[in-house]
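Counting from 742, one number per residue, gives the positions in the sequence shown under the working numbering.
Each residue gets a CB set at the ideal place from its N, CA and C atoms; glycine is no exception.
None of the values given here were measured: they were computed from a predicted structure.
Written out below as structure tokens is the structure these notes cover.
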Amino acid sequence: MLLGRPWGRCSPGRCVLFLILALLCDALGLVLLLLGILASLDYWDFLVYTGALILAFSLLFWIAWYSLNIEVSLEKLDL
Numbered sequence: 742m743l744l745g746r747p748w749g750r751c752s753p754g755r756c757v758l759f760l761i762l763a764l765l766c767d768a769l770g771l772v773l774l775l776l777g778i779l780a781s782l783d784y785w786d787f788l789v790y791t792g793a794l795i796l797a798f799s800l801l802f803w804i805a806w807y808s809l810n811i812e813v814s815l816e817k818l819d820l
């Protein structure tokens with residue numbers, strides 16, 4: 742029952758390292774991207790491209806975190 746569940750039970754899963762790396766890459770990439778877009782610097786293109794690459798790289802950590810947190814029972818695996 743949805744209304745009977747406690748609201749404060751949130752778990753990061755088994756692979757906390759991948760979650761932390763993904764969040765750090767997202768934060769760093771977003772800061773660099775926005776700094777390159779909004780600041781009037783001579784090297785803005787480096788910041789934009791680097792921020793975009795770090796954001797794209799963080800997708801690998803998100804995929805690894807999600808994939809390693811999938812739980813499948815042995816009955817469904819037919820083992």
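Closest by CA to Ile778, which one among Cys766, Gly792, Asp767?
Minimum Cα distance to Ile778 is reached at Gly792.
Measuring alpha carbon to alpha carbon, tell me which of Arg755, Leu769, Gly754, Ser752 ends up nearest Ala797.
Nearest of Arg755, Leu769, Gly754, Ser752 to Ala797, Cα basis: Leu769.
Excluding sequence positions up to five away, which residues of its chain have a Cβ less than 6 Å from the Cβ of Gly754?
Excluding residues within five positions, the ones whose Cβ falls inside 6 Å are Asn810.
Buried or exposed, going by whether 16 or more other CB atoms sit within 10 Å of the CB of Ile761?
Counting Cβ neighbours within 10 Å, Ile761 comes out exposed, since fewer than 16 surround it.
Helix, strand or coil for Val772, going by three-state DSSP, please let me know.
Val772 falls in the helix class under three-state DSSP.
Roughly how many angstroms lie between the CA atoms of Leu815 and Leu782, to the nearest whole one?
Those two C-alpha atoms are separated by around 56 Å.
Return helix, strand or coil for Glu816, following the three-state DSSP convention.
Correct three-state label for Glu816: helix.
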